[in-house]
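Numbered as in my numbering, the sequence shown ends at 374 without a single skipped number. Backbone N, C-alpha and C fix where the C-beta goes; we use that ideal spot for every residue, glycine too.
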Amino acid sequence: MKIRLGLLPRVVLAILLGIACGFFLPDWVTRIALTFNAVFGQFLNFVIPLLILGLVAPGIADLGRSAGRLLALTAALAYAFTLVSGFGTYFAGRALFPRLLEGSATALPESSAALAPYFTVEMPPVMGVMSALILAFVLGLGMAYVHSVTLKGAMDDFKRIIDLVIVRVIIPLLPLYIFGIFLSITRSGQVAGILGLFVKLIVVIFCLTVVLLLFQFTVAGLAARRNPLRMLRTMLAAYVTALGTQSSAATIPVTLAQTVKLGVRPELASFVVPLCATIHLSGSMMKITACALAVSMMTGLTIPAGTFAGFILLLAVTMVAAPGVPGGAIMAALGLLETVLGFDETMCGLMIATYIAMDSFGTATNVTGDGAVAVIVDALDRGRRK
């Protein structure tokens, strides 16, 4: 009987093996792992602009083509909740992390630079990340405005190719990449601080997700004049399902059923819930913001508040239409982490590992919050009809 491990168990196994092997592997084996990481890192740099263009442009075009009042209202609420999550997490992190991470500051493995890859292969990207993002906005809005069929079909095909690259190439190789990163970190003597960071982040992010969901359902309760705690309890089935599937798309049937139980009209729920599975990413925003802030503090990278605010505003758009696979949102965010926040390859690798380790929490928060968005849209639409 063939046992298939999901992405999270493979990443955890890669981290543990990287730590264990870092204590006894000879230098030549470590250099092989570093060579793989160097080549794979170059490939990621090449793919990231294409990934942004292939995911964001069709996503914007899809939203624009079906534009309507309910669509605009749903998108505005989803974006607002995502921004509240990002900025709320940033301010909470600024208050909490200095104490939690006290004594954890460390330089990531430039200290292991005594060991270098055997070789690397330069793969310059065809365009910069910001160029790809602006081009995606221009093409997406343009396709929506002119109701393009030919270009939209080509971009949809391009999106499918990018999805395949992520699912068939990047995601399967990520555990090897993370293994190499933790092997290098262990050789540099910094592994204890990194593991301490992981544990603290998981606890903080879980507590913040509870606060975020209470906020979202309090707003929904005020809009619909219902008990927010009862509504949140009704959505727990969707939360638990998402913990297991790690996919907003796979959880849609359960999210839809529980949203109807909240009193939302079935026809409206059938519209809002699938849409929010793509554009409402409060939980993903929380994880990426918290991880980015923690990693930057731990490595001594100073990021001005204005720069981080710009990162959050761009990230809320860039994650739209991220593929519905574990780790899809962090793949879409890598370009911004590098260009806006100034993360290097090792810091991005740590971001990927930390994000995937908590992927279930973020997805569960996303889909549970979809119910709150649907309740608010339903309440506002009923109020307009009266």
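Check: Extent of the continuous alpha helix (DSSP H) run through D332; Outcome: That residue, D332, is in no alpha helix (DSSP H); it is neither H nor E in DSSP.
Check: Same chain only: Cβ atoms within 8 angstroms of E110, ignoring 5 sequence neighbours per side; Outcome: Q30
Check: Per-residue DSSP class, three states only, for N215; Outcome: coil
Check: Beta-carbon contacts of R19 that lie in its chain and below 8 angstroms, excluding the five residues immediately before and after; Outcome: L103, A104, P105, Y106
Check: Proximal residues to A95 (C-beta, below 6 angstroms), its chain only, five neighbours per side dropped; Outcome: For A95, the pLDDT reaches just 48, beneath the cut-off of 50, and the residue's location in the model is therefore unreliable, although a value from the coordinates is still provided. Here the set comprises nothing.
Check: Inter-residue spacing [alpha-carbon to alpha-carbon] between S136 and S119; Outcome: 22 angstroms
Check: Neighbourhood of L88 by C-beta distance below 6 angstroms, restricted to the same chain and skipping five residues each side; Outcome: K188
Check: Proximity of L269 and T62 at Cβ, strictly below 8 angstroms; Outcome: no
Check: Segments assigned alpha helix (DSSP H), at least 4 residues, entirely inside the segment 119 to 204; Outcome: 138 to 152, 159 to 176
Check: Helix, strand or coil at P254 according to DSSP, with G and I counted as helix; Outcome: helix
Check: Three-way DSSP call (helix, strand, coil) for F349 in this model; Outcome: helix
Check: Residue range of the unbroken alpha helix (DSSP H) whose run includes Y67; Outcome: 57 to 88
Check: C-beta contact flag for V328 and L289 at 8 angstroms; Outcome: no
Check: C-alpha gap between L263 and M273, whole angstroms; Outcome: 17 angstroms
Check: Sequence-distant residues of the same chain with beta carbon closer than 7 angstroms to F24, five excluded per side; Outcome: L164, G168
Check: Length of the line joining the Cα atoms of E333 and V355; Outcome: 31 angstroms
Check: Same chain, Cβ closer than 6 angstroms to A26, neighbours up to 5 away in sequence not counted; Outcome: P105, T108
Check: Best match in A8, L39, P14 for proximity to V155 [C-alpha to C-alpha]; Outcome: L39
Check: Backbone secondary structure at S236 - three-state DSSP; Outcome: coil
Check: Simplified DSSP state of V248, which is helix, strand or coil; Outcome: helix
Check: DSSP state of I7 mapped onto helix, strand, coil; Outcome: helix
Check: Residue-level contact to chain C via CB, M118, 8 angstroms cutoff; Outcome: Although the question refers to chain C, the structure presented lacks it and comprises just one protein chain.
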